[in-house]
Amino acid sequence: MSYLNLPDPVMWHRLYFILSVVALSYATVRAEERIDFNRQIRPILSDRCFQCHGPDEEERYGGFRLDVRDGAIQAADSGSTPIVPGKPDESELLLRVVTDDASIQMPPPEAKKPHLTKQEAELIKTWIEQGAAWSPHWSFVAPKRPQLPAVKNSEWIRNPIDRFILARLEKEGLTPSAEADRRTLIRRVTLDLVGLPPTPQEVDAFIADESPEAYERLVDRLLASPHYGERMAWPWLDAARYADTNGYQGDPERTMWPWRDWVVDALNNNMPFDQFTLDQLAGDQRPNATHAQVIASGFNRNHMHNGEGGRIAEETRVENVFDRTETTATVWLGLTFTCCRCHTHKFDPITNTEYFALYDFFNQTSEAGGIRGGAVPPAITYISEENRAKLNQYDQQLARLNQTLLNDDPAADSAQAIWEEEQRAVQPWTMPTLVDFQTSGKSKLVQLEDGSLRAEGARPDQDVYTIVARTDRENLKSIRLEAIKDDVASPAGSTGRADNGNAVLSEFEVFVRPLKSSDENEVPLKIASGKAEHAQSGHPLEAAFDGQNAGGGGWATEGFRRKESNTAIFNTKEPFGFEGGTEIRFVIRCESQHIAHTLARVRLSVGDGDGKESLSPEIWQALNKPSETRSSKEANALRRLFRSKYYPGGSTDGKTYQEVSRQIQKAEADRKKLRETLDKTKVMVMDTLEKGRETRILEKGLYNKPIGDVVSPGVPSVLPALPDDAPRDRLALAKWLVESDNPLTSRVIVNRYWQLFFGQGLVTTPEDFGTQGKRPSHPDLLDWLAVEFQASGWDVKAIHRLIVTSATYRQSAQQSPQLRERDPQNVLLARQNRFRLPSWMIRDQALSVSGLASLQMGGPPVKPYQPEGIWAEATFGKKKYQQDHGDALYRRSLYVFWRRIVGPTMFFDVANRQTCSVETAITNTPLHALTTLNDIAYIEAARGLATRVISKAEDPGDRIREIYSYLLSRPPSEEELGIVRRRLELLESEFNGDPEKAKQLLEIGESQPDDSIPAVELAAYTALCNALMNLDEVLNRP
C-alpha cells in the first residue's frame, strides 16, 4: 500500500541526507551510458511497483501510476511528484525506495517484496537524471527487420541467425563452439525434426555423403517425412489442451482425434501459419467452409467440459468461454489473461473490460453447459476422404436409379392418377383446422403455410403450447405430433429451442368437446399407447403421457445429436370425433428442468387408423394438392413412390420398376449403414449463434453476476485496433492476429520454434511476453526471425530449416570450464544445449530401435500397456482400462489415449492437457527411471533390439557395436566395448545358472520371442540392451 504523503520537515531533511549519500555512493554509472528503460528500469518497476501503481485502476494507491510516463510525472494525491525528470533529489519515488524507514519505505514491508538493491536504486537515479525517458514495452511494438550486425569471424556464418549470435559473443569476448561431429548432428536433427532416432543405415549414408550439401539434404529429407508432422504436433496438442476425455470426476470419453489428425496433416503439408491460424480459430466461419476446416475449428472445443451431477449449466458454459479466451491469448499473444477475468491486469495494460471484449468473440457459439457425455454439441460427423468418396458413389448411384423412375411412361401416369384418387378417399391423416394457439411463456406461435406452428421470439426456460383445432372427422383413433427441425426457432437448426437443439415433451394432453352442443364441457382423452420415430435414451415417448409431469422426465428428441425432424404417434384408448364436428384442445407441455428444452416447430394431425405410417406427411400434402399446383419436387416424389411400390407391372430401360426399387432400397440401406457407422464419430467444433449473445462484464468472474453495459467485441487497446470495416467475429480476430502490424504473434510463435531446437526460447517465458515475462536474450534476432517468418508467407518449414541449418544450431554441446563460468545457462549460445528427451520421445525411441514400432498414422487413440487398476483408483465409477493388442501396442506416443484425470502412466512431467501449456519441462523424477528399466514396453523393446542385433552379427563385439549404432548412432570406444562385454558375460553366467529366470524375462510383453535364439542368449542380450537403453547419453538429445 502507498499513499505518498509528504513527510514532515524533519523527515525531509533526513531523506535529503540519505539521497546525498546515495548520490555519492552510487556514482558508478557513467553519465554517457544511456539507461535502457525497457531493459533496465521497467523490470524493476513492474516487479516492485506495478501491483499498487500499475494498470489496475481499482487497486491503484496514491493517485498515480508508474507504468506510463504521464502518470508518474504528475503530482500524486498527496501533492508530491513521484518522478521529476532530470531531478532525482525532487523525485519522491527515489526517496522512498532508498530509505530504511519502514513507515515510508517502498515497497512497504507488508507487500513482502524485496527492497531495491543499491545497484537498482542507482539505475533509477541515473535514469531520472537522464530525463526519465519512457518507452513502450518491447513486445507491444511491432517488430522491424534489424540490420544484420557486422562480425569479425565471418567465415563461421552459415545464415543470418549466426550474425546475431556471433556479434553478441564477440561483444562478450567469447567464441562459438566447434561444429558437432556428423554422428551427433544426424542424431540431433533427426530427433528434433521427426522425434525418432536415425537408423544405422541413415547414419552410414550421411557419413558417406561427403558433399557440402549433405547436411542440407538430410534436413530436407526430414522436413519431407510424414513423421515431421507427428513430432511437431505434440507441442501444439499441449497448447490446445488436447485429450480424449472431457475431464472432471466423470471424465467421459470424447472423439477429437480427427482434429489431431488435421493438425498432423496441416504440418506435413506445410500449411502457412496464418492460414493454420484462421482454420484453428475460425475454420467454421471461413467462406464456404470445408468439412476439414470445420473440424479444424475444434481447437477451441478441446477444453475440459463439466458434465457432473449438480453442475450449473451456465457456470460450465462461461468457464468454457473463459478457457477459450485465455488459451487464445496465451497461444498467439503470449499474454497472461486469466487475472483479467476479475480485474484489470496488475502489470500489463489490459483492462477487465478488454478481457470481456475478447471473451465476446468466443461467447457466440451454441454450446450449452448442461450437456453430459462425450461429444458436447455443437458437433459434426467426421467423414474421412475415403468415406466421403463412398457416400458420393452411393449418391450418384441413387440419383441414376431414381431418375429411371421418372422416365416418360403414359401408362404409369394414368395408373398413378387412379391410385391417387383411391388414396385421397382413404385419407388416414388429416390436419384439423387451427382455431387458436397460445403459449404460457413470452414466445409466440406462428402458423406457417404447411400447417405447422413455429415458436418465435423469446426462449423461455419452460413453455406450454395450447392449440385449439376443429375437425369434421369421426371415429378417430390416433394423433400425430411432428417435431419439425427449424433453422429459425432452433439455435442449432434442430427440433428444440435449447442452445444445443434438444427438446423435451414433458407431457402431452388432449381434450375434446362436440361442436354441436355449445354448453357441453370438454373431456380429456386417455392415451393408451404411442410410438416415436426416435427417442433419446432414458427419455421414451411413454414418459410424455404417464400423467407425471416431473422436471426431468418426458420424451426427448435428442436434437443435439439428431438434427432431423421427429414424429410421435399417440393412440387413444377410446375413439373420438363427434357427429357435427369436434373441437380438440392439445396441450404440449415442455417443462423440463433443462433450460429452453422446448419444441421449435410442431404440426398436428388426426387419423382413424392404428397409428402405423403408410405414407409420409410430405406425400399426403402433395396428394391433397391438384396435380397442376404441385412443385416439381412433390410431383417427382409421388411418381417415384407410385412406380416403385404400387405399379408392379411397369418397366423402364429394360428393368421393372420393382427391380429398380430393390436396387434403390439396397443402395439406401448400404448408405444408411455406412452413415450410421460414421455418425458414431462426432467431433466437437465451433459454430455461430444466429442471434448474438450479449456479453457483459462478470463481477469477479462469477457467471451469475453480469454488471454494466453490453461489451462489444474488441481487442486490447495497447495493440493495433481491428479494422473498422471488419466484422466482429472469430474470423476477423484470427486475421487480426496474423496481420503484419500485430507485434506479438510472429514473435511468440518463432520463440516457441526456437524452444524446440534449443530447449529454451530466446524469451524463456513463452507463456508471458508481458512486463512480468523475461526479456529476449537476443531481441534483434527475435525481431529478425519474426519479420522473416511473415515475409516468407508464414512458412513454418522454412523457419525450421533456417534454424537447424545455422552454425549456431550445429555447434557442439560440450561445455568448457570458461563457458561454465561465464554463461552457465548458455544464454549467449556459445554452444548447443544438451537436454533430456521428453518422456514420450524416449518411448518412441525405444519402440523405433526395437523394430516393433508401428508407424501407422492417424486414427482413433490406442491403449498400450498400463499398470492395472490405475483408472479404477482415480476415476468416478472405477473405469476399467481395456488394453489394446497387436500393433496398437507399438504405435507412436502421439496416438496414446489421454485421459485427463490420469494421463498415460508412461509419460512424466508432460503437460496435463487440462489447460493450455506452452512451456517445456524436463523430467528428472526417479519414477521415470523405474519405468524405463522395468515397464513392459521397455523390457519388450529391449528384447526386440536384442533380437535384431543377434540376427545381424555373430561376434559379441559386433553385436555390441550394432546396439550402439541403434541407440547412439556411433560405435563404442574400446573402453566402453570392454565394459559392456564384461557385463554381457556376467549376464550370460547369471541366466545360465537360472534358466527359469531367463524364461520369465522373455515372457514379458505380447510379442513372441524368436525361438531360433537360445533363451539364455536372448535373455542376456535383452538385459544388456535394457541397461544400455537407460544410458544418460541415450536419454538425452545431444
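Counting in UniProt numbering, the sequence shown runs from 1 upward without gaps. Where a beta carbon is used, it is the ideal one built from N, C-alpha and C, also for glycine.
With a threshold of 16 other CB atoms inside 10 Å of the CB of residue 432, please say whether the residue is buried or exposed. Numbered from its first residue, the sequence shown carries residue 432 at position 432. With a threshold of 16 other beta carbon atoms within 10 Å, residue 432 meets it and is buried.
Using the C-alpha atoms, what's the distance from residue 207 back to residue 182? By 1-based counting over the sequence shown, the position of residue 182 is 182. By 1-based counting over the sequence shown, the position of residue 207 is 207. One C-alpha to the other measures close to 7 Å.
Use the C-beta contact count for residue 497: other C-beta atoms within 10 angstroms, 16 or more gives buried, fewer gives exposed. Working through the sequence shown from its first residue, we reach residue 497 at position 497. Per the 10 Å Cβ criterion, buried.
For residue 652, does the three-state DSSP call read helix, strand or coil? Residue numbering aside, residue 652 sits at position 652 when the sequence shown is read from its first letter. If DSSP states are grouped into helix, strand and coil, residue 652 belongs with the strands.
Going by C-alpha to C-alpha distance, which of 451, 448, 460 sits closest to residue 442? If you number the sequence shown from 1, residue 442 lands on position 442. Checking every option, the nearest Cα to that of residue 442 belongs to 460.
At what residues does the beta strand (DSSP E) containing residue 719 begin and finish? The residue given as residue 719 occupies position 719 in the sequence shown. Here residue 719 belongs to no beta strand (DSSP E), and DSSP marks it neither H nor E.
I need the straight-line Cα distance from residue 288 to residue 294, nearest angstrom please. Position 288 of the sequence shown, counted from the start, is the residue given in the question as residue 288. Position 294 of the sequence shown, counted from the start, is the residue given in the question as residue 294. Answer to the nearest angstrom: the Cα atoms are 10 Å apart.
DSSP-derived helix/strand/coil call for residue 392: What you label residue 392 is simply residue 392 of the sequence shown in a count that begins at 1. Of the three classes helix, strand and coil, the one that applies to residue 392 here is helix, per DSSP.
From which residue to which residue does the beta strand (DSSP E) around residue 509 run? The residue labelled residue 509 in the question sits at position 509 within the sequence shown. Run containing residue 509: 507-514, per the beta strand (DSSP E) assignment.
On the DSSP bridge list, what partners appear for residue 249? As a position in the sequence shown, residue 249 is number 249, starting the count at 1. Note: residue 249 sits in no beta bridge, so no partner.
What number of angstroms, rounded off, separates the C-alpha of residue 139 from the C-alpha of residue 559? Residue mapping note: residue 139 aligns to position 139 of the sequence shown, counting from 1. Residue mapping note: residue 559 aligns to position 559 of the sequence shown, counting from 1. Each residue's alpha carbon lies about 47 Å from the other.
Beta-carbon proximity of residue 686 to residue 285, cut-off 9 Å: One-based indexing of the sequence shown puts residue 686 at position 686. One-based indexing of the sequence shown puts residue 285 at position 285. Yes, the pair counts as a contact, with Cβ atoms nearer than the cut-off.
Taking a contact to mean a Cβ-Cβ separation below 9 Å, would you say residue 566 touches residue 533 in this structure? Taking the sequence shown and counting its residues from 1, the one referred to as residue 566 is at position 566. Taking the sequence shown and counting its residues from 1, the one referred to as residue 533 is at position 533. Taking 9 Å as the Cβ cut-off, residue 566 and residue 533 qualify as a contacting pair.
Can you list, in chain order, the residues of its chain with a C-beta nearer than 8 Å to that of residue 1026? Leave out the 5 residues immediately preceding and following it. Residue mapping note: residue 1026 aligns to position 1026 of the sequence shown, counting from 1. Contacts found: 933, 938, 939, 942.
Exposed or buried, residue 924, counting other C-beta atoms within 10 Å across all chains shown (16 or more means buried)? The residue labelled residue 924 in the question sits at position 924 within the sequence shown. Exposed.
Among the candidates 242, 531, 94, 600, whose CA atom is the shortest distance from the CA of residue 452? For the purposes of this step, residue 452 is identified with residue 452 of the sequence shown, where counting begins at 1. It is 600 whose Cα lies nearest to the Cα of residue 452.
Below 6 Å CB to CB, which residues in the same chain sit around residue 158 once its five sequence neighbours on both sides are set aside? Mapped onto the sequence shown, residue 158 falls at position 158. Taken in chain order, the residues that qualify are 806, 807.
Report the residue from 477, 506, 481 whose alpha carbon sits nearest the alpha carbon of residue 464. Within the sequence shown, the letter at position 464 stands for residue 464. Nearest neighbour of residue 464 by Cα position, chosen from 477, 506, 481, turns out to be 506.
Can you tell me whether residue 449 sits near the ligand HEM, meaning its C-beta is under 8 Å from at least one heavy atom of the ligand? Of the ligands one can find in the structure shown there are none, so the ligand HEM has no counterpart to examine.
Length of the line joining the Cα atoms of residue 210 and residue 732: For this step, residue 210 is matched to residue 210 along the sequence shown. For this step, residue 732 is matched to residue 732 along the sequence shown. Each residue's Cα considered, the two are about 50 Å apart.
Compare the C-alpha of residue 86 against each of 117, 1029, 1009, 73 and name the closest. Translated into positions along the sequence shown, residue 86 becomes position 86. Of the candidates 117, 1029, 1009, 73, the one whose C-alpha sits nearest the C-alpha of residue 86 is 73.
Beta-carbon proximity of residue 323 to residue 688, cut-off 9 Å: Taking the sequence shown and counting its residues from 1, one reaches residue 323 at position 323. Taking the sequence shown and counting its residues from 1, one reaches residue 688 at position 688. For residue 323 and residue 688, no; Cβs fall outside 9 Å.
Could you check whether residue 588 and residue 467 sit closer than 9 Å to each other, using their CB atoms as the reference points? Numbered from 1 along the sequence shown, position 467 holds the residue referred to as residue 467. Numbered from 1 along the sequence shown, position 588 holds the residue referred to as residue 588. Yes, Cβ-Cβ distance for residue 467 and residue 588 is below 9 Å.
Applying the criterion that 16 or more other CB atoms from any shown protein chain within 10 Å of the CB defines a buried residue, is residue 133 buried or exposed? For this step, residue 133 is matched to residue 133 along the sequence shown. Its Cβ having fewer than 16 others within 10 Å, residue 133 is exposed.
Nearest residue (CA-CA) to residue 275, options 88, 241, 604, 795: Taking the first residue of the sequence shown as position 1, residue 275 is located at position 275. Checked all of 88, 241, 604, 795; the closest Cα to residue 275 is 795.
Residue 52 by DSSP, collapsed to three states: which one? Locating residue 52 in the sequence shown gives position 52, counting from the first residue. Residue 52: helix per DSSP, three-state reduction.
In this structure, how does DSSP classify residue 794 when only helix, strand and coil are distinguished? The residue you call residue 794 lines up with position 794 of the sequence shown. It is coil, neither helix nor strand.
In the DSSP assignment, find the alpha helix (DSSP H) that holds residue 190 and state where it starts and stops. As a first step, residue 190 is located in the sequence shown; it is residue number 190 there, counting from the start. Residue 190 -> alpha helix (DSSP H) spans 182-194.
Do three or more CB pairs link the stretch 254-262 to the stretch 297-305 at distances below 8 Å? yes
Are the Cβ atoms of residue 1096 and residue 485 separated by less than 9 Å? Nothing in the structure corresponds to residue 1096, since the chain is present only between 1 and 1038.
Can you tell me the Cα-Cα spacing of residue 797 and residue 270, whole angstroms? For the purposes of this step, residue 797 is identified with residue 797 of the sequence shown, where counting begins at 1. For the purposes of this step, residue 270 is identified with residue 270 of the sequence shown, where counting begins at 1. In a straight line, the C-alpha of residue 797 is about 6 Å away from that of residue 270.
Classify residue 872 as helix, strand or coil using the three-state DSSP reduction. For this step, residue 872 is matched to residue 872 along the sequence shown. The DSSP-derived three-state label of residue 872 is helix.
Under 9 Å between C-beta atoms of residue 170 and residue 346: Working through the sequence shown from its first residue, we reach residue 170 at position 170. Working through the sequence shown from its first residue, we reach residue 346 at position 346. Their beta carbons are not under 9 Å apart, which means residue 170 does not touch residue 346 by this criterion.
Have a look at residue 516 and residue 438 and give me their C-alpha separation to the nearest angstrom. Looking up residue 516 in the sequence shown gives position 516. Looking up residue 438 in the sequence shown gives position 438. Whole-angstrom Cα-Cα distance: 24 Å.
Do you know offhand how far residue 26's Cα is from residue 770's? Within the sequence shown, the letter at position 26 stands for residue 26. Within the sequence shown, the letter at position 770 stands for residue 770. Note on residue 26: pLDDT 41, under 50, position unreliable in the model; the coordinate value appears next. Going from the Cα of residue 26 to the Cα of residue 770 covers about 30 Å.
Go to residue 751, then tell me how far its beta strand (DSSP E) extends in each direction, as first and last residue. For this step, residue 751 is matched to residue 751 along the sequence shown. Unbroken run through residue 751 is the alpha helix (DSSP H), 745-758; no beta strand (DSSP E).
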